[in-house]
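Okay, so the sequence shown: first residue is 3 according to the numbering used here, each after it adds one.
A virtual CB, placed ideally from N, CA and C, is assigned to each residue, including glycine.
Structure first, then comments.
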Amino acid sequence: MSAAVELFASLDYEKVAVADIAANAGVAHGLLFHHFGNKRGIYLEAMSSTAAHMISAFELDPDLEPAVSIRAALTTHVEYLAEHRGLALRLVLGGRGADPEAWAVFEQARDQVVRAIAVRLGLDPDNMALRFASKAAVRAVDEGTAQWLELDVDVSTELIVEWLIAVAVACVRTASILDPSLEVGDSLDTLAKPPRQLSADDRSMRRTMPEGSKSLPE
């Protein structure tokens, strides 16, 4: 599947040929049709494989404090997307319009991740207000990550993760507007606190970027 993911991440769907996938994977052309039926089947299996990777990144370590395990999982996820920028921008963060069926695969994966995080924080994943706010948080995190990758801003992964957590926490806090009986403060306060105080040097850390990348405005 890695060969298919690589091609679909770098090229539009229409420009990827099954023969190219077979050559990239070093397997017979007919073998792919035997296992997946057609190019569409290969594509959706590649999407499922990528979504499974996202879920595995958020298999939260029960031996760690919730905030530590969630922060570590998000860091792993963001680092993976940074290392596979084409995959991130084209497939994972491409939006509903990119491909509705593939989007549904990632939506299911996102829902699993959100439920796991809610449970780890001691929150009710079935509370409708929390579901609303969590969906908004996921969209905000996706868009923030896409902007970071697309604009090539030279901000460290550590700082981006802290910013994404702050954005997500701010979104989830609004759940109490929809359901005043919902108490999320204590759980979110623990998550929102960085593991250490970020210094001025931390805030100016540079991620390795191609020459000509941009800095965030002062």
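Query	Result
In angstroms, rounded to a whole number, what distance separates the CA positions of ARG175 and LEU132?	9 Å
Looking only at its chain, what residues have a beta carbon closer than 7 Å to the beta carbon of VAL140, apart from the 5 residues adjacent to it on each side?	ARG112 and VAL116
How long is the line joining the alpha carbons of MET207 and LEU190, rounded to whole angstroms?	Residue confidence for MET207 is low, a pLDDT of 44 falling below 50, so the modelled location carries little weight and cannot support an answer.
Would you kindly report the start and end of the unbroken alpha helix (DSSP H) that includes LEU166?	159 to 175
By alpha-carbon positions, which one of ALA59, GLU61 and ALA5 ends up nearest to VAL29?	ALA5
Please specify which runs of the beta strand (DSSP E), each continuous and at least 3 residues long, are wholly inside the stretch 24 to 79, giving them in chain order.	none
For VAL186, which residues in the same chain have their Cβ closer than 7 Å to its Cβ, ignoring the five residues on either side in sequence?	LEU125, VAL174, ARG175, ALA177 and SER178
Taking 8 Å as the threshold, find out whether the stretch 45 to 59 comes into contact with the stretch 146 to 159 through three or more Cβ pairs.	no
Could you name the residues of the same chain whose beta carbon sits closer than 7 Å to that of ALA2, not counting the 5 residues immediately before and after it, in chain order?	Given that the chain is displayed from residue 3 to residue 220, the structure contains no residue 2 and the question cannot be resolved.
Since I believe ALA194 is in contact with ALA167 (beta carbons under 8 Å), could you give me their beta-carbon distance rounded to a whole number of angstroms?	According to the sequence shown, residue 167 is Ile rather than Ala. ILE167 to ALA194, Cβ: 7 Å. Contact.
In this structure, does DSSP put VAL121 in helix, strand or coil?	helix
Check whether the stretch 82 to 91 and the stretch 8 to 18 touch, using three or more Cβ-Cβ pairs below 8 Å as the test.	yes
Ends of the alpha helix (DSSP H) at ASP191?	187 to 194
Report, in whole angstroms, the separation of the C-beta atoms of THR159 and GLU81, which I expect to be a contact under 8 Å.	6 Å
CB GLU107 to CB MET49, shorter than 9 Å?	One point to set straight first is that residue 107 is Val, not Glu, in the sequence displayed. Contact: yes.
Taking the straight line between their C-alpha atoms, what separation do you get for ALA27 and ARG42?	17 Å
Name the residue from ASP154, PRO127 and GLN114 whose alpha carbon lies nearest to the alpha carbon of ALA53.	GLN114
Determine, using beta carbons only, whether THR192 and ALA69 come nearer to each other than 9 Å.	yes
For ALA221, is the classification buried or exposed, using 16 other Cβ atoms within 10 angstroms of its Cβ as the cut-off for buried?	Absent from the structure is residue 221, since the part of the chain shown begins at 3 and ends at 220.
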